[in-house]
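Have a look at the structure below, then the notes.
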């Protein structure tokens, strides 16, 4: 089974991608390759950050296909925040819980309303330091001020996708993996890979 490196140390993301991508790929995260260091995310877009990570990781792992992502949450009432800063919204060493607390605090400063937003994901496939293909995925929904569920990670317990009564924190991994931003970007990437990689 060919190895495919997902350029993250986030075990949740690796599990999610492995479940969605399936055979014939053996999806590994960077914990299996501890010598790889990802660059600081200095881009102003999800795509720019994903390209930075994919090209750096694939340079450090010659001959191996690498996928990197950058993804995040955009809240309309916060003018697109947290955006590319989603993972560090509450500071450089913030935990998921810290970031959710900051988001709830920012939303609670606003007049009571619904809070439309979306998760965005950009995936970049690279080999030997060169980006080969880029895909994007988006899922629209509403942000809640109170958390619901403990499944998933990141902002999942605050995000209710359109057409569902529950947040990603309650929905099963199978349901989330069918409609999430990462699933949509990965579906496009999987199609491209099956047509272009032997």
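Residue numbers (this note's numbering): 159 to 356.
Idealized CB from N, CA, C, for every residue including glycine.
Predicted model, so just to flag it, every value in this text is computed and none were measured.
Applying the 10 Å Cβ sphere with the 16-neighbour rule, what's the burial state of residue i?
| i | result |
| --- | --- |
| residue 270 | exposed |
| residue 338 | buried |
| residue 205 | buried |
| residue 268 | exposed |
| residue 169 | exposed |
| residue 244 | buried |
Flag this pair as yes or no: are the beta carbons of residue i and residue j separated by less than 7 Å?
| i | j | result |
| --- | --- | --- |
| residue 279 | residue 216 | no |
| residue 281 | residue 227 | yes |
| residue 210 | residue 201 | yes |
| residue 328 | residue 306 | yes |
| residue 162 | residue 223 | yes |
| residue 272 | residue 300 | yes |
For residue i, which of the options has the nearest alpha-carbon?
| i | options | result |
| --- | --- | --- |
| residue 264 | 321, 283, 238 and 277 | 238 |
| residue 276 | 174, 160, 340 and 190 | 340 |
| residue 171 | 332, 349 and 310 | 310 |
| residue 194 | 319, 164 and 260 | 164 |
| residue 336 | 167, 166 and 177 | 177 |
| residue 155 | 253, 348, 272 and 354 | Any question about residue 155 goes unanswered here, given that the chain covers just 159 to 356. |
| residue 288 | 299, 214 and 325 | 214 |
| residue 212 | 321, 326, 293 and 352 | 293 |
| residue 383 | 274, 221, 256 and 203 | Since the first residue shown for the chain is 159 and the last is 356, residue 383 is missing from the structure and cannot be characterised. |
| residue 283 | 190, 255 and 221 | 221 |
| residue 290 | 235, 219 and 350 | 350 |
Can we count residue i as close to the ligand HEM, meaning its CB is less than 6 Å from some heavy atom?
| i | result |
| --- | --- |
| residue 352 | For the ligand HEM, the structure offers nothing, since it holds no ligand at all. |
Decide yes or no for the touch test of the region 340–352 against the region 300–316: beta carbon pairs closer than 8 Å, at least 3 of them. Segments in contact, no.
Runs of 4 residues minimum, wholly inside the region 267–329: which ones carry the alpha helix (DSSP H) assignment? Qualifying alpha helix (DSSP H) stretches: none in this window.
Beta strand (DSSP E) runs wholly inside the region 177–223, at least 3 long, in chain order: The qualifying runs are 184–186.
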